[in-house]
Amino acid sequence: MAALSSTERGERLRSLLAPGIATLVCLAILIGLGTWQLARKGEKEALIARIVERSRAEPPAAPPPFGAWDAKADEFRRVRVTGTFLHDKETLVHGLAPGEPGRALQGFYVLTPLKRDDGTTILINRGFVPTELQRPADRTAAQVSGETTVTGMLRASETRTMFVPESDPARDAWFTRDIPGIAAAKGLTRVAPYLIEADATPNPGGWPRGGQLRVDLPNNHLQYAFTWFGIALCLIGVFSVFAWRRLHEPAEPKAG
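Just so it is clear: in the sequence shown, position 232 is 232 by our numbering, and no numbers are missing.
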């Protein structure tokens, strides 16, 4: 095999232009994804710290006035509220809850309006019920009447992600804790822009089971970041080997 001439070397260098640009674009995307995961890691750690701090606050505060609600500042605050449940307007939101080790329970979260003496209403996520207990008639003990006090944590309305089905109010099928949507579907007025996740205080009959908000939120963002950065390094290695071979392999002898 003959050595490369200057002309052949130039042609080979030019042939690396397109794959080089493609590699740089992919590399920028991979590094961007890794950097984004590191940023998400910091955000998740701050969120966990905020939940832990606010979940331990004593004594629970009153819910904020509707007009003063600031999700970023107020979410996960521990609060206490008193009122009367409107059980005939409860809403079931599809969801999962921890069951036996390695197994999740399929069922619903029970969102029940709590009407206060001033005429305002706050949605209460009373907790989880398995599918076989979705009918109120199968958990009548929990349909408490009269004035009730609930302690829990403030949550903002849930935003649907691309992997969650869209709720269908006409069929009363809900997949997110959509406060405005639920309020409109149930004909509720003067409804708080937030809901309260009830704590683990047992309900009569044992269901719904509150206290489902977990402080130990998964935080795998560092692992994801290493994955993206690792793929980026592999891409650099693959392109480097490809380019080296392209530039240094001897030319094929020409037929005489």
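Glycine included, each C-beta is placed from N, C-alpha and C at the ideal position.
DSSP three-state call for valine 144: helix, strand or coil?
-> coil
Is the number of C-beta pairs between the stretch 68–79 and the stretch 96–115 that are closer than 8 Å three or more?
-> no
Within its chain, find whatever has a CB closer than 6 Å to the CB of proline 160; leave out the 5 residues flanking it on each side and keep chain order.
-> Per the sequence presented here, residue 160 reads as arginine, with proline not at that position. If we look at arginine 160 and ignore the five residues flanking it on each side, its Cβ neighbours are Thr176.
Can you tell me which of the three DSSP states glycine 20 falls into?
-> helix
Between the Cα of glutamate 158 and those of Val150, Leu114 and Gly181, spot the shortest distance and give me the residue it belongs to.
-> Gly181
How is alanine 200 classed by DSSP in three states: helix, strand or coil?
-> coil
Roughly how many angstroms separate the alpha carbons of serine 15 and valine 241, rounded to a whole number?
-> 15 Å
Between which two residues does the beta strand (DSSP E) harbouring arginine 160 extend?
-> Segment: none, arginine 160 is in no beta strand (DSSP E) and carries neither H nor E.
Can you list, in chain order, the residues of its chain whose CB lies under 8 Å from that of lysine 89, leaving out five sequence neighbours each side?
-> Thr112, Pro113, Lys186, Gly187 and Leu188
How is the alpha helix (DSSP H) around leucine 235 delimited, first residue to last?
-> 221–248
Count the CB pairs spanning the stretch 138–153 and the stretch 205–215 that are closer than 8 Å, and state whether there are at least three.
-> yes
Cα-Cα separation, leucine 154 to isoleucine 236 = 47 Å
Check whether threonine 151 and proline 60 have beta carbons under 8 Å apart | yes
If we ignore side chains and look at the alpha-carbon of each, how far apart do glutamate 249 and isoleucine 231 end up?
-> 27 Å
Determine the DSSP secondary structure at glutamine 106, reduced to helix, strand or coil.
-> strand
Alpha carbon to alpha carbon, what distance is there between leucine 96 and glutamine 134?
-> 13 Å
Whole-angstrom C-beta distance between phenylalanine 239 and threonine 23, which should lie under 8 Å | 5 Å
With a threshold of 16 other CB atoms inside 10 Å of the CB of arginine 190, please say whether the residue is buried or exposed.
-> exposed
Have a look at leucine 47 and alanine 225 and give me their C-alpha separation to the nearest angstrom.
-> 19 Å
What did DSSP end up calling tryptophan 36 once you bin it into helix, strand or coil?
-> helix
Alpha-carbon to alpha-carbon, glycine 20 and glutamine 212 | 50 Å
Span separating the alpha-carbon of phenylalanine 128 from that of proline 98 = 10 Å
Just tell me which of Pro202, Val93 and His221 has its CA closest to the CA of aspartate 178.
-> Val93
Helix, strand or coil for aspartate 168, going by three-state DSSP, please let me know.
-> strand
Cβ-based burial, glutamate 8 [other Cβ within 10 Å; buried from 16] | exposed
Report all residues from its chain with a CB closer than 6 Å to the CB of isoleucine 31; omit the five preceding and five following residues, and keep chain order.
-> Ala232
Of the residues Gly119, Trp174 and Lys115, which one's Cα is nearest the Cα of threonine 148?
-> Lys115
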